[in-house]
Amino acid sequence: MREDTRTRIQEIALRLFTEQGYEATSLREIAEELGVTKAALYYHFKTKDDIVASLVEKRLTELDELLEWVRSRPRTPQTRRELVDRYADNIRATRHLGIARFLERNQTALRDHPTLIRIRERMMQLTSEISEPGAPPAERISHSLALFALHAGKWLMKEGELSDEEIHTACLEVAHRLLER
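For the record, in the sequence shown the residue sitting at position 24 is 24 according to full-length UniProt numbering, with numbers rising by one throughout.
And the structure:
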């Protein structure tokens, strides 16, 4: 029951933060939407920052696991391709898109949030691991963009234009092409 309430708080907070903005949403509003007292909400999360940290903690763990994996492998075209495939699976298997929309709409308010800084650092580490040391700049950029292409496709397609599967397949195709450089 405790995890259900925690998950429900996260879902409601994510929706309200995205719709109204992080700064414009209060803990009281989240509690009211959930149908609990503010004290009951405090049992799970003391602050809005705690909710944000909980929303992105899984993402941070996934990035750490990918970094550990890629660092244990040789830097080969096959490793790069498998890294992109694993990354694609990670962002597909979570509520990543909803969280990404929330973060994009609240960039100013969350720019210096410690958990988000850690995610940016992990992404920079991941992009540095995807190419050989000393690779030409165009190659390093192309390989790094392979990871970001997996995000871009989800943002660039009109809602309902393609199925999630079609978007996923197209994004992977583009990402794999970028690795060929």
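The beta carbon of each residue, even a glycine, is placed where N, CA and C say it ideally should be.
Count the other CB atoms within 10 Å of the CB of residue i; is the residue buried (16 or more) or exposed (fewer)?
| i | result |
| --- | --- |
| Gly160 | exposed |
| Leu156 | exposed |
| Ala149 | buried |
| Glu166 | exposed |
Out of the options, which one is the CA nearest neighbour of residue i?
| i | options | result |
| --- | --- | --- |
| Pro52 | Asp89, Pro114, Asp4, Gln78 | Note that residue 52 is Val in the sequence shown here, rather than Pro. For Val52, the nearest C-alpha among the options comes from Pro114. |
| Lys46 | Leu63, Leu27, Gly35 | Leu27 |
| Leu41 | Asp49, Glu165, Ala31 | Ala31 |
| Ala135 | Thr25, Arg181, Asp112, Leu60 | Arg181 |
| Arg118 | Lys58, Lys48, Glu166, Ser142 | Lys58 |
| Ala100 | Thr5, Glu82, Gly153 | Gly153 |
| Ala146 | His168, Val174, Thr169 | Val174 |
In three-state terms, what does DSSP make of residue i?
| i | result |
| --- | --- |
| Lys38 | helix |
| Glu132 | coil |
| Asp50 | helix |
| residue 183 | What is shown of the chain runs 1 to 181, which leaves residue 183 out entirely. |
| Leu162 | coil |
| Glu23 | coil |
| Arg101 | helix |
| Met1 | The predicted model places Met1 with a pLDDT of 48, which falls under 50 and marks its position as unreliable; any figure quoted below should be read in that light. DSSP places Met1 in coil when its eight states are reduced to three. |
| Pro77 | helix |
| Phe17 | helix |
| Phe45 | coil |
| Asn106 | coil |
Looking at the C-beta of residue i, does it have a partner C-beta in chain D at a distance below 7 Å?
| i | result |
| --- | --- |
| Arg8 | As a matter of chain content, chain D is missing from the structure shown, which is built from one protein chain. |
Quick one: residues in its chain with C-beta nearer than 8 Å to the C-beta of residue i, no 5 flanking neighbours on either side, listed in chain order?
| i | result |
| --- | --- |
| Asp64 | Arg122 |
Spatial neighbours of residue i within its chain, please: CB distance less than 6 Å, with the 5 preceding and 5 following residues excluded, ordered by chain position.
| i | result |
| --- | --- |
| Arg75 | Glu132 |
Please list, in chain order, all residues of the same chain as residue i whose beta carbon is under 7 Å from its beta carbon, the five residues on each side excluded.
| i | result |
| --- | --- |
| Arg73 | Thr79 |
Do three or more CB pairs link the segment 12-27 to the segment 67-84 at distances below 8 Å? no
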